[in-house]
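Asks: First the structure, which I've put down as structure tokens, then a few questions once you've had a look.
Number of protein chains: 2
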Amino acid sequence: MTRQVGERRPRLHRDHVLEVAVALADEHGIEALSMRRLADELGVVPMALYKHVASKEELLDAMVDRVVDEIGPSGPPGRRWRASARARILTARSTLLRHPWARRVIETRTARSPIVLTYLDSVAAILLAGGLTPELVHHSMHAIGSRVWGFTQDVFETDVPAPEPDPDVMAELAARLPSLVRVASAVSHDTDSAVGYGCDDQYEFEFALDLLLDGIARLHRAHWQPPARS
Amino acid sequence: MTRQVGERRPRLHRDHVLEVAVALADEHGIEALSMRRLADELGVVPMALYKHVASKEELLDAMVDRVVDEIGPSGPPGRRWRASARARILTARSTLLRHPWARRVIETRTARSPIVLTYLDSVAAILLAGGLTPELVHHSMHAIGSRVWGFTQDVFETDVPAPEPDPDVMAELAARLPSLVRVASAVSHDTDSAVGYGCDDQYEFEFALDLLLDGIARLHRAHWQPPARS
DNA sequence: CGGTAAGGTGTACGACGTACACCCGTCAAG
DNA sequence: CTTGACGGGTGTACGTCGTACACCTTACCG
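The listed protein sequences correspond, in order, to chains A and B. Residue 82 in this note's numbering sits at position 82 of the first sequence, with consecutive numbering throughout. Residue 1025 in this note's numbering sits at position 25 of the second sequence, with consecutive numbering throughout.
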């Protein structure tokens, strides 16, 4: 990390800055990404970054672009729109899973960059190629919502209160939250803890995605029409 | 706002702190809510807040609790689970719409408070009362995901690039993003701008919600079973 | 009346993002 | 070979943030 005297540090390039920024966020979480920390990591003084990046906001924009770009290009759109859309979205998901901070950051972005728009366009293209009307595509993309990105804000993202299987606490819980407890224990009887969810994210994601795609396919088959405007 | 000499400031109460915090976030956005600013608003020194609130994080937790509580109690669960669930979620949405910062904050919370769990329990209760199996309820709640909260991370939350209807820019856009442009202009031909989405959030929300509830109802009718465990 | 505890104050520290003035190396033009 | 401009790294400094800690004030109870 430290450098010998006389040894020259190679010049910074924007790409290098972004690469290290992404790596840092991947490894230590987005909240660990400060301009100062990033500069340290690059062996450089904080202000040096501003020669490559307009501000921290712009840095985050560029980082998002970088991971969205990583999703890669879409295959040629064909008739089998349902399978194509599913595959494209699951690819996006697997990319985003490598950068857990990306979801949160995407959600805070206000402007959509060309790269991001290109990705969205590729999804729209798949649906249009399947013959869905533009109106149906429009509502469908809204409906899929954050799932187009390969993520969901899940209701119980993290574990429900106590990993502790204290029977008193359990009884208390069951009394206060009878329905949740019933639902939770139905699914997790294969794991040890009754409440501490061992639930399969990937399965849940695909379950919901398929629910939506099925619904869309049904509307499409039924020649869904936009409701009359008031 | 400033206080006369000799006039006594009434003592702070936690509720009052929270009330003002929520009002401040409502009015000036969550990023304007600093401990110092909040203290100012209350006519008090910043550190005074720490007698009522453990930390800023805990303050945010409590603020979320406050708005979730505002959703109000659930009606008695009955047979008509689909309508009940729909109504409950739309109520949640209308509450959350009054506090635009709440979505973002909820998403950053890691722990689920009792109040939040109570709300989730009420939704689960509705589905269970409709006769859905606990397993189906479980997956359904995951599927509805952020929509249980009455919000969505929408794909194009804000307007797509140029409100400017410059024909050159439009041609450029149409060339680069043909599908998006088609989709966008299909829906917004009733508004003036071709790309600057005038789209009905509430409609989009209900469209997606119904898609999901329909799908769930269909699975329920078909006596859906959890897939065999590996 | 005197003590205790709850609650407001003052000062201070170590982050943070970034403005601004600077300086140094490289390279093209004279 | 000199010069000067310019891209890019540096140093210092400012204002803001959350909050630790020691202090002081007030209200109330015995």
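We treat Cβ as the ideally placed atom computed from N, Cα and C, and that holds for glycine.
Select from B:ARG1147, B:ALA1228, B:THR1118 and B:HIS1223 the residue whose C-alpha is nearest the C-alpha of GLN1202 of chain B.
Replies: What you label residue 1202 of chain B is simply residue 202 of the second sequence in a count that begins at 1. Checked all of B:ARG1147, B:ALA1228, B:THR1118 and B:HIS1223; the closest Cα to GLN1202 of chain B is B:ARG1147.
Asks: Assign HIS1220 of chain B to one of two classes, buried (16 or more other C-beta atoms within 10 Å of its C-beta) or exposed (fewer than that).
Replies: To locate residue 1220 of chain B, count along the second sequence from 1; it is residue 220. Classification of HIS1220 of chain B: buried, given that the 10 Å Cβ count is 16 or more.
Asks: Can you pull the chain A neighbours of GLU1107 of chain B, defined as C-beta to C-beta under 8 Å?
Replies: As a first step, residue 1107 of chain B must be located in the second sequence, where it is residue number 107. Within 8 Å Cβ-Cβ: ARG104, GLU107 and GLN153.
Asks: Excluding the five sequence neighbours on either side, which residues of its own chain have a C-beta within less than 6 Å of the C-beta of VAL238 of chain A, listed in chain order?
Replies: Only positions 1 to 230 of chain A appear in the structure, and residue 238 of chain A is not among them; the question remains open.
Asks: Let me see if you follow: with CB-CB separation under 9 Å, is ASP65 of chain A close to chain B or not?
Replies: Counted from its first residue, the first sequence places residue 65 of chain A at position 65. Answer no: the Cβ-Cβ gap between ASP65 of chain A and chain B never drops below 9 Å.
Asks: Tell me, please, whether the CB atom of ALA1194 of chain B is closer than 9 Å to any CB atom in chain A?
Replies: To locate residue 1194 of chain B, count along the second sequence from 1; it is residue 194. Unreliable positioning characterises ALA1194 of chain B in this predicted model, as indicated by a pLDDT of 46, which lies under 50. A coordinate reading is not provided.
Asks: Determine the DSSP secondary structure at LEU120 of chain A, reduced to helix, strand or coil.
Replies: Your numbering for residue 120 of chain A matches position 120 in the first sequence. Helix.
Asks: Classify VAL1195 of chain B: buried if its beta carbon has 16 or more other beta carbons within 10 angstroms, exposed otherwise.
Replies: As a first step, residue 1195 of chain B must be located in the second sequence, where it is residue number 195. Low per-residue confidence applies at VAL1195 of chain B: pLDDT is 49, beneath 50, and the placement is therefore not dependable, though the value from the model is reported in the following sentence. Answer is buried; the Cβ neighbour count reaches 16.
Asks: Could you check whether the Cβ of ILE1144 of chain B sits closer than 9 Å to any Cβ belonging to chain A?
Replies: If you number the second sequence from 1, residue 1144 of chain B lands on position 144. Chain A contact via Cβ: present.
Asks: How is PRO1226 of chain B classed by DSSP in three states: helix, strand or coil?
Replies: By 1-based counting over the second sequence, the position of residue 1226 of chain B is 226. PRO1226 of chain B: coil per DSSP, three-state reduction.
Asks: How close, in whole Å, do the beta carbons of PRO1077 of chain B and SER1084 of chain B come, if the pair is a contact with beta carbons under 8 Å?
Replies: Mapped onto the second sequence, residue 1077 of chain B falls at position 77. Mapped onto the second sequence, residue 1084 of chain B falls at position 84. PRO1077 of chain B to SER1084 of chain B, Cβ: 6 Å. Contact.
Asks: Inspect the beta-carbon positions of ALA124 of chain A and LEU1180 of chain B and report whether they are closer than 9 Å.
Replies: As a first step, residue 124 of chain A is located in the first sequence; it is residue number 124 there, counting from the start. As a first step, residue 1180 of chain B is located in the second sequence; it is residue number 180 there, counting from the start. Yes, these two residues count as a Cβ contact at 9 Å.
Asks: Which residues in chain B sit within 9 Å of PRO76 of chain A, going by Cβ to Cβ distance?
Replies: Counted from its first residue, the first sequence places residue 76 of chain A at position 76. Simply none; closest approach about 13 Å.
Asks: Start and end of the alpha helix (DSSP H) containing GLY215 of chain A?
Replies: Within the first sequence, numbered from 1, the residue matching residue 215 of chain A stands at position 215. Element bounds for GLY215 of chain A: 201-221.
Asks: I'd like the list of long-range same chain contacts for ARG1086 of chain B, defined as Cβ closer than 7 Å, with 5 residues on each side in sequence excluded.
Replies: In the second sequence, the residue the question calls residue 1086 of chain B occupies position 86. Here the set comprises LEU1209 and LEU1213.
Asks: Take the Cβ of SER55 of chain A as the centre, count every other Cβ of all protein chains shown within 10 Å, and call the residue buried at 16 or more, exposed below.
Replies: As a first step, residue 55 of chain A is located in the first sequence; it is residue number 55 there, counting from the start. That one is exposed.
Asks: Report the residue from B:PRO1226, B:ALA1184, B:SER1034 and B:VAL1187 whose alpha carbon sits nearest the alpha carbon of ASP200 of chain A.
Replies: In the first sequence, residue 200 of chain A corresponds to position 200, counting from 1. When only C-alpha atoms are compared, the closest one is B:PRO1226.
Asks: Does the Cβ-Cβ distance between VAL1044 of chain B and ARG1014 of chain B come in under 9 Å?
Replies: For the purposes of this step, residue 1044 of chain B is taken as residue 44 along the second sequence, with counting starting at 1. For the purposes of this step, residue 1014 of chain B is taken as residue 14 along the second sequence, with counting starting at 1. In this structure, ARG1014 of chain B does not lie closer than 9 Å to VAL1044 of chain B by Cβ.
Asks: Say whether chain B places a C-beta atom closer than 9 Å to the C-beta of VAL137 of chain A.
Replies: Within the first sequence, residue 137 of chain A is the residue found at index 137, counting from 1. VAL137 of chain A counts as touching chain B.
Asks: Any C-beta of chain A within less than 9 Å: which residues of the region 1018-1039 of chain B qualify?
Replies: Answer in chain order: no residues at all.
Asks: Taking the Cβ atom as the reference point for each residue, do LEU1018 of chain B and LEU1059 of chain B lie within a distance shorter than 9 Å?
Replies: Taking the first residue of the second sequence as 1, we reach residue 1018 of chain B at position 18. Taking the first residue of the second sequence as 1, we reach residue 1059 of chain B at position 59. Yes. Within cutoff.
Asks: Which residue comes first and which comes last in the alpha helix (DSSP H) that contains SER179 of chain A?
Replies: Within the first sequence, the letter at position 179 stands for residue 179 of chain A. Residues 178-187.
Asks: Helix, strand or coil for LEU132 of chain A, going by three-state DSSP, please let me know.
Replies: Taking the first residue of the first sequence as 1, we reach residue 132 of chain A at position 132. Here LEU132 of chain A sits in coil by DSSP.
Asks: Check this for me: beta carbons of HIS1142 of chain B and ASP154 of chain A, under 9 Å apart or not?
Replies: Sequence index remark: in the second sequence, residue 1142 of chain B carries index 142 (1-based). Sequence index remark: in the first sequence, residue 154 of chain A carries index 154 (1-based). Yes.
Asks: Does the distance from the CB of GLY1215 of chain B to the CB of LEU211 of chain A come in under 9 Å?
Replies: Here the question's residue 1215 of chain B lines up with position 215 in the second sequence. Here the question's residue 211 of chain A lines up with position 211 in the first sequence. Yes.
Asks: Who are the near neighbours of ASP65 of chain A in its chain, counting only those whose CB is closer than 6 Å to its CB and skipping five residues on each side?
Replies: Stepping through the first sequence from its first residue, residue 65 of chain A is reached at position 65. Excluding sequence neighbours, ASP65 of chain A sits near SER113 and ILE115.
Asks: Using a threshold of 8 Å, is the CB atom of GLN202 of chain A nearer than that to any non-hydrogen atom of the ligand ATP?
Replies: Absent from the structure shown: the ligand ATP. Ligands present: none.
Asks: Could you give the distance in angstroms between the alpha-carbon of SER1034 of chain B and the alpha-carbon of SER122 of chain A?
Replies: Taking the first residue of the second sequence as position 1, residue 1034 of chain B is located at position 34. Taking the first residue of the first sequence as position 1, residue 122 of chain A is located at position 122. About 41 Å.
Asks: Counting only beta-carbon atoms, is THR118 of chain A nearer than 9 Å to chain B?
Replies: As a first step, residue 118 of chain A must be located in the first sequence, where it is residue number 118. THR118 of chain A counts as touching chain B.
Asks: For a test of the three-state rule: what should DSSP assign to LEU1042 of chain B, helix, strand or coil?
Replies: If you number the second sequence from 1, residue 1042 of chain B lands on position 42. Reduced to three states, the DSSP call for LEU1042 of chain B is coil.
Asks: I want to see whether chain B comes within less than 9 Å of SER122 of chain A, judged by CB atoms only; does it?
Replies: Locating residue 122 of chain A in the first sequence gives position 122, counting from the first residue. Yes, its Cβ sits closer than 9 Å to a Cβ of chain B.
Asks: For a minimum of 3 consecutive residues, which ranges assigned as the beta strand (DSSP E) are wholly contained in the region 25-70 of chain A?
Replies: For the region 25-70 of chain A, not a single whole beta strand (DSSP E) run of length 3 or above is found.
Asks: With burial defined as no fewer than 16 other Cβ atoms inside 10 Å of the residue's Cβ, what is the status of GLY1029 of chain B: buried or exposed?
Replies: The count along the second sequence starts at 1 and reaches residue 1029 of chain B at position 29. When all chains shown are included, GLY1029 of chain B counts as exposed.
Asks: What did DSSP end up calling GLY1075 of chain B once you bin it into helix, strand or coil?
Replies: For the purposes of this step, residue 1075 of chain B is taken as the residue at position 75 of the second sequence. Here GLY1075 of chain B sits in coil by DSSP.
Asks: So what does DSSP say about GLY145 of chain A, is it helix, strand or coil?
Replies: Here residue 145 of chain A corresponds to residue number 145 of the first sequence, with the count starting at 1. If DSSP states are grouped into helix, strand and coil, GLY145 of chain A belongs with the helices.
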